[in-house]
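Chemist:
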Amino acid sequence: MKAVSILVVVFGMAVSLVLGQEPDYSYGPNGESEWGNMYPECNGTMQSPIPLSAMTARPGFETQPLEITNYQLDPTQVIVNNDGKLAIYRFEFPGGENVTIRGGPLQGIFQFDSLHFHWGAASDRGSEHVIDSMTGRKRFAMEMHLVFFNQIYGSFQEAAPSENGLAVLGIFFTNSTQEPDYGWIPALNEVRTAGTQYTLPDPSVFNIKGLIGARRRPYFSYHGSLTTPVCYETVSWLVQRKPLQISEAQLDTFRSLRDSDGEPLVDNFRSLQPVNDRPIFLYR
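Per my numbering, the sequence shown starts with residue 15, numbered consecutively.
1) May I have the straight-line CA-CA distance separating D281 from R255, to the nearest angstrom?
2) With a Cβ-Cβ cutoff of 7 Å, do N96 and L271 count as a contact?
3) May I have the straight-line CA-CA distance separating N290 from T59, to the nearest angstrom?
4) How far does the alpha helix (DSSP H) with E262 in it extend, from its first residue to its last?
5) Considering only DSSP beta bridges, list what D275 is partnered with.
6) Would you say C56 and P243 are within 7 Å of each other, going by their C-beta atoms?
7) Provide the residue(s) that pair with T210 in DSSP beta bridges, ordered along the chain.
8) Contact defined as beta carbons within less than 8 Å: I believe S137 pairs with N189. What is the distance between those atoms, to the nearest angstrom?
9) Can you look up F5 in the DSSP assignment and give me helix, strand or coil?
10) I'd like to check one pair, H159 with V144: are the Cβ atoms closer than 7 Å?
11) When the Cα atoms are used, what is the spatial distance from L202 to L258?
12) Does the segment 86-106 come into contact with the segment 63-75, if we say contact requires no fewer than three beta-carbon pairs (one atom in each stretch) closer than 8 Å?
13) What residue range does the beta strand (DSSP E) around W133 cover?
14) Roughly how many angstroms lie between the CA atoms of P79 and P119, to the nearest whole one?
15) Can you round the beta-carbon distance between M156 and I260 to whole angstroms, since I take them to be within the 8 Å contact cut?
16) Provide the residue span of the alpha helix (DSSP H) that contains G45, from first to last.
17) When you compare each of A263, R231, P200 and L240 to Q192 by their alpha carbons, which one comes out closest?
18) Buried or exposed: V22, going by 16 or more other Cβ atoms within 10 Å of its Cβ?
19) Reducing DSSP to helix, strand and coil, say where N164 ends up.
20) Skipping 5 residues on each side, what residues in its chain have a beta carbon closer than 7 Å to that of R231?
As structure tokens, this is what we get:
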């Protein structure tokens, strides 16, 4: 019966990913306490997110620099989806080109699948990972995850439950008095209702390199999991230490989204998970 239950969970995740159905989980202590009952992987010992600290991280050494290819290309199509839990952006690129990431701590070449965001009801929270320092613990207003799958598996669905299947580049956003030129944010006004999607009329407004820049270091790296169910522990995490800027008005556009119950879609970040003696590296 256990094997049947796991198969049902995996199949359910695959159907949800393919058909764009709203995921069945909720945030907060009460909601997250139920994750492991329906998705056993969420009870694992290598879960994410975790606290990160330059004071305790081991020094990381790159034999090859962490490199993203083709991310400078203007996409030919960008679709944003509110799935009731996250704001997810999916891209197509000219000539069917793939954006890939390799080098650094990664073993293999990983192909870009999509990116999504986690944010808070207020700007003192929102990011999933936190940075610990001598001055205390810093949780940022928002965190973006660029999700990649190992090309040897051919697709995200095949890679997600597989060893060395995924890589996620996490990037923090901190609230600023300046308003950066993020032409992809107004599209969120078209997907306020859960389960809706919208195609950006000008996909070039979301140039990934234009947003995140060319510099990767300093970044933290560790082995962890997806931060949403099914919580597969197959992720090589790369979390950039330096945040990007975002205005309070732009954050409010994210906060205007609604979840599947019609409530404000906010505080969609998972609680911190035990490190459990995992090595955490800092590439400076």
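The beta carbon of each residue, even a glycine, is placed where N, CA and C say it ideally should be.
Modeler: Checking against the coordinates, here is how it stands:
1) 21 Å
2) yes
3) 7 Å
4) E262 to R269
5) For D275, which the question treats as bridged, DSSP gives no partner whatsoever.
6) yes
7) N96
8) 4 Å
9) The chain is shown only over 15 to 298; residue 5 falls outside these bounds and no answer can be derived.
10) no
11) 19 Å
12) no
13) F124 to W133
14) 9 Å
15) 6 Å
16) G42 to E46
17) A263
18) Bear in mind that the predicted position of V22 carries a pLDDT of just 37, short of 50, making it unreliable; the figure below should be weighed with that in mind. The residue is exposed, with fewer than 16 neighbouring Cβ atoms inside 10 Å.
19) strand
20) Y297 and R298
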